[in-house]
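Input: a single structure, listed below in C-alpha cells.
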Amino acid sequence: MTENTSIAELIESVAGENRRKRQVAAHELAQLAETNAEELAQHIPELVDGLSRPEAQTRWELFSLLSELVRYNPGACKDACGEAEAAMFDEDFPKLRLEAFRFLAAYGATSPKASDTVWPLLDDAIQCYHGSPEFREMLQATVDFCQGDLSKKTKEAVLARAEFDAKQSAMPFIKQYAKKIIAAIRGTKRV
Numbered sequence: 004m005t006e007n008t009s010i011a012e013l014i015e016s017v018a019g020e021n022r023r024k025r026q027v028a029a030h031e032l033a034q035l036a037e038t039n040a041e042e043l044a045q046h047i048p049e050l051v052d053g054l055s056r057p058e059a060q061t062r063w064e065l066f067s068l069l070s071e072l073v074r075y076n077p078g079a080c081k082d083a084c085g086e087a088e089a090a091m092f093d094e095d096f097p098k099l100r101l102e103a104f105r106f107l108a109a110y111g112a113t114s115p116k117a118s119d120t121v122w123p124l125l126d127d128a129i130q131c132y133h134g135s136p137e138f139r140e141m142l143q144a145t146v147d148f149c150q151g152d153l154s155k156k157t158k159e160a161v162l163a164r165a166e167f168d169a170k171q172s173a174m175p176f177i178k179q180y181a182k183k184i185i186a187a188i189r190g191t192k193r194v
C-alpha cells in the first residue's frame with residue numbers, strides 16, 4: 004500500500020472495473036491483514052463481494068484476507084462459504100483451492116455449527132487433492148481447524164478420517180499429519 008492509498012481506496016479498487024487494479028488491491032489488503040486485521044474487519048461485506056470477480060488472484064488474495072478476519076466477525080464471513088466451496092474445487096488454480104480451503108478451515112474453527120457445515124467440504128477436498136502440490140498445506144490447515152471450537156460430531160468424523168490415515172497411509176508425511184490432527188482433536192501436544 005502506498006502512503007497515499009487508503010484502505011477505503013483499496014476496497015473500492017477491489018470492486019472496480021480494472022482487473023489489474025483489483026488484483027493489486029486484493030494483494031495489498033491481504034498483506035495488510037497480516038499486521039492490521041482488526042482495522043479491515045469492518046469491511047468484510049465488501050471483501051466478500053469481491054469474491055465474485057472473475058480472476059483467480061483477486062479471489063485467492065481475498066480468501067487469504069478473510070482467513071485472517073474471520074476471528075473478528077465469523078457471521079459476516081459466513082457469506083463467503085458458497086464462493087469458497089466453488090473455489091475449492093476449481094480445477095485450474097491450485098492457489099485458489101488452497102486459500103479457499105484455508106478460509107473454510109478458519110471459519111469452521113469458530114463454532115460447533117460452523118465446524119459441522121465445513122467439515123464435509125474439507126474432508127471431500129482432502130480426499131480429492133491427495134498428492135497435489137498444495138496437499139501438505141491443506142493438512143496443516145486441517146490441524147489448525149482441529150484446534151478450534153468443533154462440535155462433538157465433527158470431532159468424531161475428523162478422528163475417524165485421521166485414525167484411518169495414521170494406520171493405513173503409505174505416505175509417511177500423511178501419517179505424521181494424521182497424528183497431528185488426532186493430537187489437536189484430543190487437545191494434546193504429543194505427536
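All the letters of the sequence shown, read from the start, carry residue numbers 4 to 194 under our numbering.
Every residue gets a Cβ at the ideal spot worked out from N, C-alpha and C, and that includes glycine.
The structure presented is a predicted model; accordingly, all values stated were derived computationally and were not measured.
Give me, in chain order, the residues of the same chain whose beta-carbon lies closer than 6 angstroms to that of residue i; leave out the 5 immediate sequence neighbours on both sides.
i	result
A28	L13, S16 and V17
E64	A29, H30 and A33
E102	W63, F66 and S67
M91	R100, A103, F104 and A128
K24	S16
From what residue to what residue does the alpha helix (DSSP H) around residue i run?
i	result
R74	Segment: none, R74 is in no alpha helix (DSSP H) and carries neither H nor E.
Q171	K155 to Q171
L54	It is not in any alpha helix (DSSP H) - L54 carries neither H nor E in the DSSP assignment.
G111	P97 to G111
N39	R22 to L43
K81	First-last for K81: undefined, no H or E at that position.
S114	Careful: S114 lies outside any alpha helix (DSSP H) and carries neither H nor E.
A186	P175 to R189
Which class does residue i belong to by DSSP, given the choice of helix, strand or coil?
i	result
V194	With a pLDDT of only 48 at V194, under the threshold of 50, the placement of this residue in the model should not be trusted, and no figure is reported.
F148	helix
M141	helix
M91	helix
Y132	coil
S67	helix
T120	helix
T61	helix
A202	In the structure displayed, the chain extends from 4 to 194; residue 202 sits before or after that span and is not available.
Contact check, residue i vs residue j under 8 angstroms by CB: the rounded distance?
i	j	result
P48	A89	Their Cβ separation, rounded to whole angstroms, is 19 angstroms, which puts P48 and A89 out of contact at 8 angstroms.
I184	V146	6 angstroms
P97	P57	Not confirmed; about 18 angstroms, so no contact.
L153	F106	With 8 angstroms as the limit, L153 and F106 do not qualify as a contact, their Cβ atoms being about 17 angstroms apart.
C149	T120	Not quite, the Cβ-Cβ distance comes to about 16 angstroms (not below 8 angstroms), so this is no contact.
Output needed for residue i: all residues of its chain with C-beta closer than 8 angstroms, excluding positions within five of it in sequence on either side, in chain order.
i	result
Y132	R100, F138 and M141
F77	Before going on, a small fix: residue 77 reads as Pro here, not Phe. The residues are Y110, T113, S114 and A117.
H46	I10 and I14
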